[in-house]
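A.B. asks: My structure is below; once you've seen it, I'll send some questions.
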Amino acid sequence: FLDIEDFPNYKDWVDKVNLSLNAQDRKNLNEINDELAFRVTEELFAKLVNTIKVNSPNTKIAYYAAIPDGNIGLQAFRWELMQKYGVVAQPSVYRAERNLELYSEDIRANRNALPKGYELMPWITPGTYGEIDTKLLFDIVIHNFLNSATGFSFFYAIL
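The working numbering applies: residue 570 is where the sequence shown begins, and numbers increase by one.
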């Protein structure tokens, strides 16, 4: 399982292609910088994913905060791009964990935004935004599965 979180935000990509002579030379006729940035990120993303799959075909690839509901991806990569290459959906809904009803709605909305059979592994945490008790953490894990998550990713900041 590979979790990648190391890419700039999408606006930075758009700004950089505007400044890059290499990118501007590759620009299609009438292509705006936002379209060029998306095409360049897709090329990079495709190479990254295909390299991993060729060398480790059983490795699952996931991106922190890959959120299908609303087509929100992580930083430079929109969800539509991640989905195209089979990336595991990993919404991050840390603050919603304290309200199980809202948390469940969020997980369900993300599940409903996915094609059938697609993996959903939300991020959960016992205390990134203040400690939560173990019963609530257990309830969060159970609600993940009750709302059709296929697993979860766990984060705890050790300071």
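For glycine and all other residues, C-beta sits at the position ideal for the given N, C-alpha and C.
DSSP puts Q659 in a beta bridge; with which residues?
C.D. replies: A635
A.B. asks: For S717, which residues does DSSP report across the bridge?
C.D. replies: Its beta-bridge partners do not exist; DSSP assigns none.
A.B. asks: Identify every residue that forms a DSSP beta bridge with F723.
C.D. replies: Beta-bridge annotation (DSSP): F723 is paired with I693.
A.B. asks: For I621, does the three-state DSSP call read helix, strand or coil?
C.D. replies: helix
A.B. asks: Taking all protein chains shown into account, do 16 or more other C-beta atoms lie within 10 angstroms of the C-beta of N536, making it buried, or fewer, making it exposed?
C.D. replies: Absent from the model: residue 536. The displayed extent of the chain is 570 to 728, so no value can be given.
A.B. asks: Taking all protein chains shown into account, do 16 or more other C-beta atoms lie within 10 angstroms of the C-beta of D675, making it buried, or fewer, making it exposed?
C.D. replies: buried
A.B. asks: Could you check where the alpha helix (DSSP H) with Y672 kicks off and where it finishes?
C.D. replies: Its alpha helix (DSSP H) spans residues 669-681.
A.B. asks: Can you name the residues that DSSP bridges to I601?
C.D. replies: DSSP lists no partner for I601.
A.B. asks: Take K616 as the anchor and find which of I601, V586, M651, E688 has the nearest alpha-carbon.
C.D. replies: M651
A.B. asks: Could you check the C-alpha separation between A718 and M690 for me, to the nearest Å?
C.D. replies: 6 angstroms
A.B. asks: Determine, using beta-carbon pairs with one atom in the segment 616-628 and one in the segment 590-604, whether at least three such pairs fall under 8 angstroms.
C.D. replies: no
A.B. asks: If you check the beta carbons only, do A635 and Q659 fall under 7 angstroms apart?
C.D. replies: yes
A.B. asks: By Cβ distance below 7 angstroms, which residues in the same chain neighbour I711 in space, the five residues on each side in sequence not counted?
C.D. replies: none
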